[in-house]
Amino acid sequence: MTTTITYDDKSVRRFMIASIAWGIVGMLVGVLIATQLSWWQMNGHYLEWLTGGAIKADGISFLTFGRLRPLHTNAVIFAFVGNMMFAGIYYSTQRLCKVRTASDLLSAIHFWGWQLIIVAAAITLPMGFTRGKEYAELIWPINLCVVIIWGVFAINFFWTLAKRNEPSLYVALWFYIATIITVAMLYIVNHLSIPTSLTHSYTLFGGVQDGLVQWWYGHNAVAFFLTTPILGIMYYYVPKAANLPVYSYRLSIIHFWSLVFIYIWAGPHHLLNTDLPRWLQLLGTTFSLMLWAPSWGGMLNGLLTLRPAWDRLRTDPVIKFLATGLTFYGMATFEGPLMAIRSVNAISHYTDWTISHVHSGTLGWNGMMAAGMFYYLAPRLWKTQLWSKALANMHFWIAMVGILLYIGALWCAGITQGLMLSQLAPGGTTLKYEFLETLGDIQIFFIFRSIGGALYLSGFVMLAINIWKTARSGTPYDETVEVTVLERKHKDRMPWRESLFNDPLAHIFLAMLFVILWFFLPHHADKAALLVAVLLSIKAYTAFKASAAQWTNWHERLVDNYLPFTVLTFIAVTIGGSVQIIPTLLVNRDKNIEGRLQDIYTPLELAGRDIFISEGCYLCHSQMIRTLVPDVMRYGRAGITDDYSHLGESIYDHPYQWGSKRTGPDLAREGGPIAKKDAQGNLYKYMRVGKRGNDWHFNHFLNPRAPSPGSNMPAFPWLFEQDTDVKALPNKIAVQVQLGVPWPILNQHEITDMVETQAQEIAQSLVAAKVYLPSKPDLQGDALRNHLAKAKVVAVIAYLQKLGAYHEVKTDHPGEPSPLNPDSHRQAPDVP
Amino acid sequence: MFQRMHVEDWALWCPFISFFIFAVLFAIVSFRALQLSTGKREYLASLPLDPTPETPKLP
Numbered sequence: 011m012t013t014t015i016t017y018d019d020k021s022v023r024r025f026m027i028a029s030i031a032w033g034i035v036g037m038l039v040g041v042l043i044a045t046q047l048s049w050w051q052m053n054g055h056y057l058e059w060l061t062g063g064a065i066k067a068d069g070i071s072f073l074t075f076g077r078l079r080p081l082h083t084n085a086v087i088f089a090f091v092g093n094m095m096f097a098g099i100y101y102s103t104q105r106l107c108k109v110r111t112a113s114d115l116l117s118a119i120h121f122w123g124w125q126l127i128i129v130a131a132a133i134t135l136p137m138g139f140t141r142g143k144e145y146a147e148l149i150w151p152i153n154l155c156v157v158i159i160w161g162v163f164a165i166n167f168f169w170t171l172a173k174r175n176e177p178s179l180y181v182a183l184w185f186y187i188a189t190i191i192t193v194a195m196l197y198i199v200n201h202l203s204i205p206t207s208l209t210h211s212y213t214l215f216g217g218v219q220d221g222l223v224q225w226w227y228g229h230n231a232v233a234f235f236l237t238t239p240i241l242g243i244m245y246y247y248v249p250k251a252a253n254l255p256v257y258s259y260r261l262s263i264i265h266f267w268s269l270v271f272i273y274i275w276a277g278p279h280h281l282l283n284t285d286l287p288r289w290l291q292l293l294g295t296t297f298s299l300m301l302w303a304p305s306w307g308g309m310l311n312g313l314l315t316l317r318p319a320w321d322r323l324r325t326d327p328v329i330k331f332l333a334t335g336l337t338f339y340g341m342a343t344f345e346g347p348l349m350a351i352r353s354v355n356a357i358s359h360y361t362d363w364t365i366s367h368v369h370s371g372t373l374g375w376n377g378m379m380a381a382g383m384f385y386y387l388a389p390r391l392w393k394t395q396l397w398s399k400a401l402a403n404m405h406f407w408i409a410m411v412g413i414l415l416y417i418g419a420l421w422c423a424g425i426t427q428g429l430m431l432s433q434l435a436p437g438g439t440t441l442k443y444e445f446l447e448t449l450g451d452i453q454i455f456f457i458f459r460s461i462g463g464a465l466y467l468s469g470f471v472m473l474a475i476n477i478w479k480t481a482r483s484g485t486p487y488d489e490t491v492e493v494t495v496l497e498r499k500h501k502d503r504m505p506w507r508e509s510l511f512n513d514p515l516a517h518i519f520l521a522m523l524f525v526i527l528w529f530f531l532p533h534h535a536d537k538a539a540l541l542v543a544v545l546l547s548i549k550a551y552t553a554f555k556a557s558a559a560q561w562t563n564w565h566e567r568l569v570d571n572y573l574p575f576t577v578l579t580f581i582a583v584t585i586g587g588s589v590q591i592i593p594t595l596l597v598n599r600d601k602n603i604e605g606r607l608q609d610i611y612t613p614l615e616l617a618g619r620d621i622f623i624s625e626g627c628y629l630c631h632s633q634m635i636r637t638l639v640p641d642v643m644r645y646g647r648a649g650i651t652d653d654y655s656h657l658g659e660s661i662y663d664h665p666y667q668w669g670s671k672r673t674g675p676d677l678a679r680e681g682g683p684i685a686k687k688d689a690q691g692n693l694y695k696y697m698r699v700g701k702r703g704n705d706w707h708f709n710h711f712l713n714p715r716a717p718s719p720g721s722n723m724p725a726f727p728w729l730f731e732q733d734t735d736v737k738a739l740p741n742k743i744a745v746q747v748q749l750g751v752p753w754p755i756l757n758q759h760e761i762t763d764m765v766e767t768q769a770q771e772i773a774q775s776l777v778a779a780k781v782y783l784p785s786k787p788d789l790q791g792d793a794l795r796n797h798l799a800k801a802k803v804v805a806v807i808a809y810l811q812k813l814g815a816y817h818e819v820k821t822d823h824p825g826e827p828s829p830l831n832p833d834s835h836r837q838a839p840d841v842p
Numbered sequence: 066m067f068q069r070m071h072v073e074d075w076a077l078w079c080p081f082i083s084f085f086i087f088a089v090l091f092a093i094v095s096f097r098a099l100q101l102s103t104g105k106r107e108y109l110a111s112l113p114l115d116p117t118p119e120t121p122k123l124p
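Taken in order, these protein sequences are the chains called U and X.
Residue numbering for the first sequence follows this note's numbering, beginning at 11 and increasing consecutively.
Residue numbering for the second sequence follows this note's numbering, beginning at 66 and increasing consecutively.
Below you can see the structure in the form of structure tokens.
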């Protein structure tokens, strides 16, 4: 029986237009923040600049780098690539399933819901409402909306699969399935928080555990939001554009299962050379290197599909963009594993080399594939010809020059800075370069980066014009086709037992388990385990021979059954996270802190910390002295050789603040002990003094270039005018207690008193140091002290002076004997 | 090889066990991929393309 169906291409058009619009916004913000790294005035001093000083403006709070960088990342990942992904998925899924999308209503909810989320992000992020975790900054009400809308998308997609008229799931659909279920898992777990108010929450995890969860999420946001859906799009649009079948369908099977299994494990490569347990770092490095293989498998599959049509690279802009996108994918997935090697990472981490790598992937892979897909879709969605091939070609070359300038400049910046920061002075006992010296030396590369980014954006604007003109020259068209209706009995009929409990496979897994036990069990028991493993292997072989036909075409039948396929994909992606994250939650707490336990913040310091996070300071300043000699020499305390950041020093930080980029120096040891009040040695009650005095920080926030010439940090004049939110503190402390931070029991009055006492101590020290507040020049003495005591700047100073505060914790009890390690109680205690 | 392995920290074995599990899974998946019949392979590879008289049919 045949029927005529009309595909829902209206949703595809909507998502495509939204992607292009948000892409321009996201890239524009990207170019702006790139210029801010070269010219601090771009943090909102434009009016002053443009009018030659006629209009005075000390900076605009919602235009600083710290507030805009999250807007840029969220806009380009979730708005630009997100909408592009949805356009590509809705178009290709309907045609691969030979059915219209299951629900027009769900498609509309999905589209409008997603755009509203982006608008909410665009408003809240510049206002400083943030969770303080990269690519997961959106506040909790927006997180809930994301989960709901993603659920709507998932229902719509799987419902379409259930209604399909094509029995077999093409490989592109596998990648879409993996994307939908894995992003849901990652997003929900990493966004687990307890709210303190409508616009603020604390993460469930803290310290090293939060770091692991964050980068399990962060790396796999790259994997399952920026890679797998685009690979699915690649597997559809490259054959369609070339009118050739994929080069090797067998390779696509190996590619898919290897990629979705391995990718999840790569998260710890963002935490190399920190105090993360070595086994976790080794896991991240090994699996990152292994990831090279399936990534290149996919790249080669795509490029070799184009081999018979290689001559069209010259004439067809679609093929040009798609082939280049695949090439950049290969390049980025070669560079990434190399950067996951500890010795390479020692140079690259915290430098612009990481930024270069990210942008070779986003501009090269995502951007080029998006452009190729849009140029393919536009003529078909509006039933016309592409308005200008010449403009598309110009876009291509400008984008290429832009990308190469961008990534080349940041390769140079990253490697230069990494090497400079590691270099020892003659004599070998001190470092050669100050941090600010390295920043000055890489400024030229920052300028080239901005130019490269601007070129890429201008190319994208050409795409927007081309697509708009194409749409204007045609009329919106929803394709109509005649299809053969597929009866239910021809699809989704595989029993669960057959799909999940395949006999030979079950025996192989059991055999593996006994081989593992063979390594660990005591004498005689280990031989028994080996014997069982051998017997199970024989059983697996005989089961395979008995059911050879049924076993060998198991995968052929699996791809006709979308639910078992989805469950198996889910199992594949959960294994990696479980192995990495669960042990750190279960491991002995003593091992997690390594002899140092973080001192709890005072209420004022907690308030200051939340301001630090809200202003995005963690985006430029790390708090992690790595287990590397140059790091310890530069940021550790003199005379203490193992003064890298131990895990226990940040165990109560919700969210963790290790950071991922050093545009400014590390702050892990910025603070110090409680300050002495007088010559008799009496101490202040709360006020601390660290590397620099309170007045230094005061002047630094007012004008960073005064104490640090050459700094590109923006000024923060509003911190001197806005009051610290003391009323929110009781609720925040209550939530922290719920999360396991051992705060003492404090009532509201005690909290207020502590805040007032500490704030007055700091404010008094500032007045004594004769600080000058330009916005209120008449304030002196007590009036100035009282004004400053309420201001946010004092809270942030309090926080900064606390950084690095911990106390030693001795563990002198021997380990208990365990079944896996019976000799443990005889071993010597761990030596740091 | 028949002596019990001494370990200081059980977690240190995680990378090796993980790699071993992956290697076995990879071998199984590769074997399954190689077992894919030619007819089904050609049919699946042609799914995105516009149908023509030469398009392989479902075996």
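Where is the CB? At the ideal position from N, CA and C, for every residue including glycine.
Chain U residues whose Cβ lies nearer than 7 angstroms to that of LYS105(X): Think of a sphere of 7 angstroms around the beta carbon of LYS105(X): the chain U residues whose beta carbon falls inside it are GLU566, in chain order.
N-terminal and C-terminal residue of the beta strand (DSSP E) that MET697(U) is part of: Taken as a continuous stretch (DSSP letters only), the beta strand (DSSP E) holding MET697(U) covers 693-698.
Contact set between PRO113(X) and chain U, taken where Cβ atoms lie within less than 7 angstroms: LEU106, TYR180, TYR246, PRO249 and LYS250, listed in chain order.
Range covered by the alpha helix (DSSP H) that runs through ILE198(U): For ILE198(U), the enclosing alpha helix (DSSP H) stretches over residues 181-200.
Selection from ASP788(U), ASP570(U), GLU497(U) and MET504(U) that minimises the alpha carbon distance to THR13(U): Proximity to THR13(U) across ASP788(U), ASP570(U), GLU497(U) and MET504(U) peaks at GLU497(U), based on C-alpha coordinates.
Cross-strand partners of GLU818(U) (DSSP beta bridge): BP columns for GLU818(U) point to ARG606(U).
Classification of TYR551(U) by the beta-carbon crowding that lies within 10 angstroms, buried from 16 upward: It is exposed - the Cβ of TYR551(U) has fewer than 16 other Cβ atoms within 10 Å.
Backbone secondary structure at ASP733(U) - three-state DSSP: Shown here, ASP733(U) sits in a strand according to DSSP, grouped into three states.
Which residues DSSP lists as bridging LYS671(U), in chain order: Listed as beta-bridge partners of LYS671(U) by DSSP are TYR360(U).
ASN311(U) to TYR180(U) span [Cα, whole Å]: Between the alpha carbons of ASN311(U) and TYR180(U) lies a gap of roughly 15 angstroms.
Exposed unless 16 or more other CB atoms sit within 10 angstroms - verdict on SER483(U): Around the beta carbon of SER483(U), fewer than 16 other beta carbons sit within 10 angstroms, so the residue counts as exposed.
Whole-angstrom distance between MET522(U) and ALA539(U), CA atom to CA atom: Taking the straight line from one Cα to the other gives about 10 angstroms.
Span of the beta strand (DSSP E) around TYR247(U): Premise fails: TYR247(U) lies in the alpha helix (DSSP H), 238-252, not in any beta strand (DSSP E).
Residue from THR612(U), ILE623(U) and ALA648(U) with nearest C-alpha to ILE755(U): Of the listed residues, the one whose Cα sits closest to ILE755(U) is THR612(U).
Delimiting residues of the beta strand (DSSP E) encompassing HIS280(U): It is not in any beta strand (DSSP E) - HIS280(U) carries neither H nor E in the DSSP assignment.
Distance between beta carbons of ALA85(U) and SER29(U), contact taken as under 8 angstroms: Going by Cβ atoms, the distance from SER29(U) to ALA85(U) rounds to 11 angstroms, so no, they are not a contact pair.
Collapsed DSSP secondary structure at PRO534(U) in the structure displayed: Checking the displayed sequence, the identity of residue 534(U) turns out to be His instead of Pro. Coil at HIS534(U), not helix or strand.
Beta-carbon gap between HIS405(U) and LEU473(U) smaller than 7 angstroms: For HIS405(U) and LEU473(U), yes; Cβs fall inside 7 angstroms.
Per-residue burial, GLN104(U) [other beta carbons within 10 Å of its own, 16 or more giving buried]: Burial check for GLN104(U): the Cβ neighbour count within 10 Å reaches 16 or more, so the residue is buried.
C-beta contact flag for GLY682(U) and GLY703(U) at 7 angstroms: Not in contact: GLY682(U) and GLY703(U) (Cβ atoms no closer than 7 angstroms).
Straight-line gap, TYR247(U) to ILE27(U) (C-alpha atoms, nearest Å): Each residue's Cα considered, the two are about 18 angstroms apart.
Three-way DSSP call (helix, strand, coil) for THR579(U) in this model: In this structure, DSSP gives THR579(U) a helical state, which the three-state scheme calls helix.
Spatially closest choice to HIS210(U) from HIS797(U), ILE772(U) and GLN746(U), by CA coordinates: Measuring from the Cα of HIS210(U), the nearest candidate turns out to be GLN746(U).
Any C-beta of chain X under 7 angstroms from that of ILE263(U): Yes, ILE263(U) counts as interfacial toward chain X.
Candidates HIS55(U), PRO436(U) and TYR259(U), of which the one nearest LYS105(X) by Cα: That would be TYR259(U), whose Cα lies nearest to the Cα of LYS105(X).
C-beta neighbour in chain U for PRO80(X), strict 7 angstroms: At least one chain U Cβ lies under 7 angstroms of PRO80(X).
Burial state of THR480(U) (16 or more Cβ within 10 Å): Flag for THR480(U) reads buried.
Secondary structure of LEU523(U), DSSP reduced to three states: For LEU523(U), the three-state secondary structure derived from DSSP is helix.
Nearest to ILE82(X) (by Cα), restricted to the options CYS422(U), LYS393(U), VAL525(U) and LYS20(U): For the residues CYS422(U), LYS393(U), VAL525(U) and LYS20(U), the minimum Cα distance to ILE82(X) belongs to VAL525(U).
Neighbour list for ILE526(U) in chain X, Cβ cutoff strictly below 7 angstroms: Neighbours of ILE526(U) across chain X, judged by C-beta separation under 7 angstroms: ILE82.
Contacting residues, own chain, Cβ-Cβ under 8 angstroms from LEU568(U) (five flanking each side not counted): So the qualifying residues of the chain are MET504, SER509, PRO574, PHE575 and LEU578.
Min CB distance ALA98(X) to chain U below 7 angstroms: For ALA98(X), the answer is yes, since a Cβ of chain U falls inside 7 angstroms of its Cβ.
Through-space distance from LEU148(U) to ALA744(U), alpha-carbon basis: ALA744(U) and LEU148(U): Cα-Cα distance of roughly 22 angstroms.
Proximity of LYS143(U) and PRO665(U) at Cβ, strictly below 7 angstroms: For LYS143(U) and PRO665(U), yes; Cβs fall inside 7 angstroms.
Amino acids of chain X, ordered along the chain, whose beta-carbon sits closer than 9 angstroms to that of PRO151(U): Those within 9 angstroms of PRO151(U) in chain X number zero; the least Cβ separation is about 38 angstroms.
Cβ-Cβ separation, ARG795(U) to ALA773(U) (assumed contact under 8 angstroms), whole Å: Yes, ALA773(U) and ARG795(U) are in contact; Cβ-Cβ is about 4 angstroms, under 8 angstroms.
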